[in-house]
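**Q** Sharing a structure with you now.
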Amino acid sequence: MTTYPILGSINLPVNETDILRLFIEFTEIAQATDLNKKNLVALYRKVIQTGLKYLNDNDDEATFREAAEESLHMRAHRRPSTLADLRSYINRFITVADWVDKDIRRVTRKECRALLEKEFNSSGHVFLKAKSVLHSIFSLAIKQGWCEKNPVSGIMGKRVKEERIEILKTQQIAALMKAMLSPDMQCMQAAVRLMLWCGVRPGEIQRLQWRDIDFREKEVYIESHASKTGGARAIPLRGGALRLKEFRKKDHELIAPNDWNRMWAKLRRRAGFDDWQKDVLRHTFASMHLKYFHNLFLLQEEMGHRDSTLLRTRYLNLRNLSRREAYIFFNWDKADFPEEEDTL
0 MTTYPILGSI NLPVNETDIL RLFIEFTEIA QATDLNKKNL VALYRKVIQT GLKYLNDNDD
60 EATFREAAEE SLHMRAHRRP STLADLRSYI NRFITVADWV DKDIRRVTRK ECRALLEKEF
120 NSSGHVFLKA KSVLHSIFSL AIKQGWCEKN PVSGIMGKRV KEERIEILKT QQIAALMKAM
180 LSPDMQCMQA AVRLMLWCGV RPGEIQRLQW RDIDFREKEV YIESHASKTG GARAIPLRGG
240 ALRLKEFRKK DHELIAPNDW NRMWAKLRRR AGFDDWQKDV LRHTFASMHL KYFHNLFLLQ
300 EEMGHRDSTL LRTRYLNLRN LSRREAYIFF NWDKADFPEE EDTL
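FYI, numbering that gives the first Met the number 0 numbers position 291 of the sequence shown as 290, with every residue one higher than the one before it.
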């Protein structure tokens, strides 16, 4: 084995047979282009110099483990719950993959696919989330110069079997509003109205303060620190949310009660909901919004989604939803408990 100093700091140990075989293969390829000896030598030199420059420019190395930890460090500003979720996936990668301490440049698509299919195949949602986290690690590595391509990009996702999306009917909304009339439930009024008529997420509602509502402009502002996705948005106050001023407190006070989870479960039971589908208020808002305004892009903006894909597949239920119901929903401030005989 001979070391060739011409390679400078790269210092690659190769033998004469390896070099001869490489030049023979290269010559066979070059001859197909009818190069003369002078041009062939010049081409050899150019290829070698280009290759050395590439190697020297990309001599930074990192293992997959190091890249994964760095991806968490770069997201340190995210909320604790988000970080905990990401770390649970990354810890699982590190625990089960036998290539975590390999140079991330050498991790193959086949290895990534095998990891996802073996360890994260319990459901379509889990597979897609794990794939997204894994993809983000390689994307960071590319930006840092630790690898040149993302092996996860070519991995197909699993088909997700979606549950039937439920939305609240007019009578169910009325029951929820009626349950909040009791003195011990008054503290829920503002939070529930913002979730139902503005599509605010349950996690976001627990971070909002009264100063986030502009009563003059009739808007609620979801700042980046309160938003699930990290992006700020402004949502008009409509329907039942127009009565928020009746429940207003000091600017610095939280809109939702401190014991939110307990009170929210208690309110649903009192309103007669034995079963409760996750995010049903947000689904109701989205479906009523599209039925009433017929504007998917406006809905996307107010929901805080990056594109409309998720809305189309997992948030909307327009089946058997009438224009009358959508009208009542967005005019709820005019009659809090509309009856069936109400006319439009």
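Ideal placement from N, C-alpha and C gives every residue a C-beta, glycine not left out. Just so you know, these numbers come straight off a predicted model, no measurement behind them.
Note down, in chain order, each residue of its chain lying with its Cβ closer than 8 Å to the Cβ of S138, except the 5 sequence neighbours on either side.
**A** Contacts found: N149.
**Q** Extract the residue ranges of the alpha helix (DSSP H) inside the segment 256-307, only unbroken runs of 4 or more that lie entirely within it.
**A** The segment 256-307 contains these whole alpha helix (DSSP H) runs: 259-269, 279-292, 295-302.
**Q** At which residues does the alpha helix (DSSP H) containing I204 begin and terminate?
**A** That run of the alpha helix (DSSP H) goes 201-204.
**Q** Taking only three categories from DSSP, how would you classify E218?
**A** E218 falls in the strand class under three-state DSSP.
**Q** With a threshold of 8 Å, are at least 3 pairs of Cβ atoms found where one atom belongs to the segment 261-281 and the other to the segment 220-240?
**A** Segments in contact, no.
**Q** Of all the alpha helix (DSSP H) runs that stay within the bounds of the segment 133-190, which reach a length of 4 or more residues?
**A** As far as the segment 133-190 is concerned, its whole alpha helix (DSSP H) runs of at least 4 residues are 169-178.
**Q** Use the C-beta contact count for K249: other C-beta atoms within 10 angstroms, 16 or more gives buried, fewer gives exposed.
**A** With fewer than 16 other Cβ atoms within 10 Å, it is exposed.
**Q** Quick one, are the C-beta atoms of G238 and F119 less than 8 Å apart?
**A** Result no, Cβ atoms of G238 and F119 do not sit closer than 8 Å.
**Q** Identify the continuous alpha helix (DSSP H) that holds I254 and give its terminal residues.
**A** Per DSSP, I254 belongs to no alpha helix (DSSP H) and is neither H nor E.
**Q** Determine the direct distance from the alpha carbon of Y326 to that of L343, and round the result to whole angstroms.
**A** Confidence in L343 is poor, its pLDDT being 40 and thus under 50, which makes the residue's placement unreliable; the coordinate value appears in the next sentence. The straight-line gap from Cα to Cα measures roughly 8 Å.
**Q** Quick one: what's I234 bridged to in DSSP?
**A** Note: I234 sits in a beta bridge opposite V219.
**Q** Give the DSSP-derived three-state secondary structure of T62 in the structure shown.
**A** T62 falls in the strand class under three-state DSSP.
**Q** Assign G271 to one of two classes, buried (16 or more other C-beta atoms within 10 Å of its C-beta) or exposed (fewer than that).
**A** It is exposed - the Cβ of G271 has fewer than 16 other Cβ atoms within 10 Å.
**Q** Indicate whether the contact test is met: 3 or more Cβ pairs, each with one atom in the segment 273-287 and one in the segment 164-176, closer than 8 Å.
**A** Yes, the segment 273-287 is in contact with the segment 164-176.
**Q** Run through DSSP, which three-state label would D84 get?
**A** Helix, per DSSP.
**Q** Which two residues bound the contiguous alpha helix (DSSP H) that contains D323?
**A** Looking at the sequence itself, residue 323 is Arg, so the reference to Asp does not match. Start and end: 322-329.
**Q** Return the residue from the list R108, T169, S181 that minimises the CA-CA distance to R323.
**A** For R323, the nearest C-alpha among the options comes from T169.
**Q** In terms of residue numbering, what span does the alpha helix (DSSP H) encompassing L115 cover?
**A** Residues 108-118.
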